[in-house]
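**Student:** In the working numbering, the protein residues as written are 29 to 258. Ideal Cβ placement from N, Cα and C applies to all residues, glycine included.
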Ligand SMILES: Cc1cc2nc3c(=O)[nH]c(=O)nc-3n(C[C@H](O)[C@H](O)[C@H](O)COP(=O)(O)O)c2cc1C
């Protein structure tokens, strides 16, 4: 499985006009992309996907956007693990369900985690919404910016995917299970290093919507307040 994905990480150089920042015309051929601010403001989570596979060249662009994210000290130690073999994905979903089902909901537990446990015990829980692609972001276990760096990678990929008409949803379950023995062994089997842990994930695919496009709306902000000083 790993070898079939290797080609995805060979990044073909893209040339940009240094003044306008625009890409070579051939690069964007066949797919119009939106401007950066629109892609950011209209990105919403997708939790229903079609089984249409994500084309290699599209996936490549999303991964590249992730790999170009900033990182603390320019460390670039985020490791992107791309799973798109449906059998592997479904087997992973079964393991995740089984491991959550062994856990108990405790008082004050993070609501989403409690929800995962309850649904896993119910028996029909699919943590990645059956998306055709799951991208995991791993990073060094003992690196202070591990979550921050992975988050930058994930956010870049979510915005890029929206610009390319794909839907995404942040998937945190494998972070919560990142010290679980069964899941850890699976991750190492996928190529994660012993000193790395998963800090986040992303379900990626074509949205199962009426028009086939992501649900794009500038949802009103209720929080994230801004204080100007001066
Ligand atoms: C750190 C983080 C963890 C998240 N974990 C999950 C998750 O495990 N499952 C899920 O369905 N959504 C998850 N989300 C998505 C949020 O629920 C979603 O971004 C939020 O409700 C706002 O909706 P929007 O993305 O459509 O704007 C996560 C988002 C963040 C930033």
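Give every residue of the same chain whose Cβ lies closer than 6 Å to the Cβ of residue 122, excluding the five residues on either side of it in the sequence, and list them in chain order.
**Tutor:** Result list for residue 122: empty, nothing under 6 Å.
**Student:** Just confirm the distance between the C-beta atoms of residue 74 and residue 195, as a whole number of angstroms; I'd bet it's less than 8 Å.
**Tutor:** The Cβ separation is near 3 Å, so the contact holds.
**Student:** Cutting at 8 Å between CB atoms, please list the residues of its own chain near residue 146, excluding the five before and the five after it.
**Tutor:** Within the same chain, residue 146 has close Cβ partners 133.
**Student:** Does the Cβ-Cβ distance between residue 164 and residue 156 come in under 8 Å?
**Tutor:** No.
**Student:** Any heavy atom of ligand 1 closer than 7 Å to the beta-carbon of residue 148?
**Tutor:** Residue 148 Cβ: outside cutoff for every heavy atom of ligand 1.
**Student:** Taking 7 Å as the line, does the beta carbon of residue 199 fall inside it for any heavy atom of ligand 1?
**Tutor:** Because some heavy atom of ligand 1 lies under 7 Å away, the Cβ of residue 199 counts as near it: yes.
**Student:** I'd like the span of the beta strand (DSSP E) that includes residue 203, first residue to last.
**Tutor:** Taken as a continuous stretch (DSSP letters only), residue 203 belongs to no beta strand (DSSP E), being part of the alpha helix (DSSP H) at 201 to 204.
**Student:** Just the C-alpha distance for residue 231 and residue 173, rounded to the nearest angstrom, thanks.
**Tutor:** The alpha-carbon atoms of residue 231 and residue 173 are separated by roughly 23 Å.
**Student:** Helix or strand or just coil, what does DSSP make of residue 56?
**Tutor:** With a pLDDT of 47 at residue 56, under the threshold of 50, the modelled position of this residue cannot be trusted; read the value that follows with caution. Helix, per DSSP.
**Student:** Beta strand (DSSP E) containing residue 225: first to last residue?
**Tutor:** First-last of the beta strand (DSSP E) with residue 225: 224 to 233.
**Student:** From residue 245 to residue 66, what distance separates their C-alpha atoms?
**Tutor:** One C-alpha to the other measures close to 10 Å.
**Student:** From residue 56 to residue 117, what distance separates their C-alpha atoms?
**Tutor:** Interpretation of residue 56 is limited by its pLDDT of 47, a score under 50 that renders its predicted location unreliable; no figure is taken from the coordinates.
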